[in-house]
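**Q**
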Amino acid sequence: MRVRTDIFVSALMRRVFARGDFAAVEVKGAEAAGAVFVRQIFRDGTEGLHAPAPQSVFDSEESGTRLFETRLERVPAETVAEAIGRERRFDSDLWVVSVETDDLAGLIDFVEDKPQDDGFFRR
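Residue numbers (the working numbering): 11 to 133.
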């Protein structure tokens, strides 16, 4: 069972603040099951966008986890804003959390960090 989105976002923001970084909810979506997009703001003024991973990367046992994939990295703010606008036209219930940090390690889990099945052995 997956944790409600509002609880996930609240926990994410607490972890960000505990590290001494800053976060804000830019767009509040559906409290129970909205998709979460993380807008990463780097110190040099560029931004990144991290979106929910596609369902194809999940096993049946992983239905409660939230994995993210990087869609944009170190691009101008306008590029990220346009991408978020496109996503909002498709899904009006999504959340956007802006995080001002150069490193998201330990805050959200990425698909790239997940061991992949090499076709012979399950890792």
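Ideal Cβ positions, reconstructed from N, Cα and C, are used throughout, including at glycine.
Which residue wins for smallest C-alpha separation from Phe27, given the options Glu122, Gly116, Phe120?
**A** With distances taken between Cα atoms, Phe27 lies closest to Gly116.
**Q** Find the nearest neighbour of Phe18 within the set Thr75, Arg53, Arg99, judged by alpha-carbon distance.
**A** It is Thr75.
**Q** Can you give me the C-alpha to C-alpha distance between Val107 and Glu36, rounded to a whole angstrom?
**A** Straight-line Cα distance between these residues: approximately 6 Å.
**Q** Identify which residue in Arg12, Arg99, Leu22 has its Cα closest to the Cα of Val109.
**A** For Val109, the nearest C-alpha among the options comes from Leu22.
**Q** Nearest CA to the CA of Lys38: which residue from Asp31, Val121, Val48, Phe120?
**A** Answer by Cα proximity: Val48.
**Q** In three-state DSSP terms, what is Leu22?
**A** Correct three-state label for Leu22: helix.
**Q** Between which two residues does the alpha helix (DSSP H) holding Phe100 run?
**A** Unbroken alpha helix (DSSP H) run through Phe100: 87 to 100.
**Q** Would Gly44 be called buried (16 or more neighbouring beta carbons within 10 Å of its own) or exposed?
**A** Result: buried.
**Q** In the DSSP assignment, find the beta strand (DSSP E) that holds Ala33 and state where it starts and stops.
**A** Looking at the DSSP string, the run of the beta strand (DSSP E) that includes Ala33 is 32 to 37.
**Q** Going by Cα to Cα distance, which pick from Ala40, Gly95, Ser20, Leu104 is closest to Phe32?
**A** The shortest Cα separation from Phe32 among Ala40, Gly95, Ser20, Leu104 belongs to Ser20.
**Q** Where Asp119 and Leu77 are concerned, what is the direct C-alpha to C-alpha distance, given to the nearest angstrom?
**A** C-alpha separation (whole angstroms): 5 Å.
**Q** Would you give the residue range spanned by the beta strand (DSSP E) that Arg49 belongs to?
**A** Residues 46 to 51.
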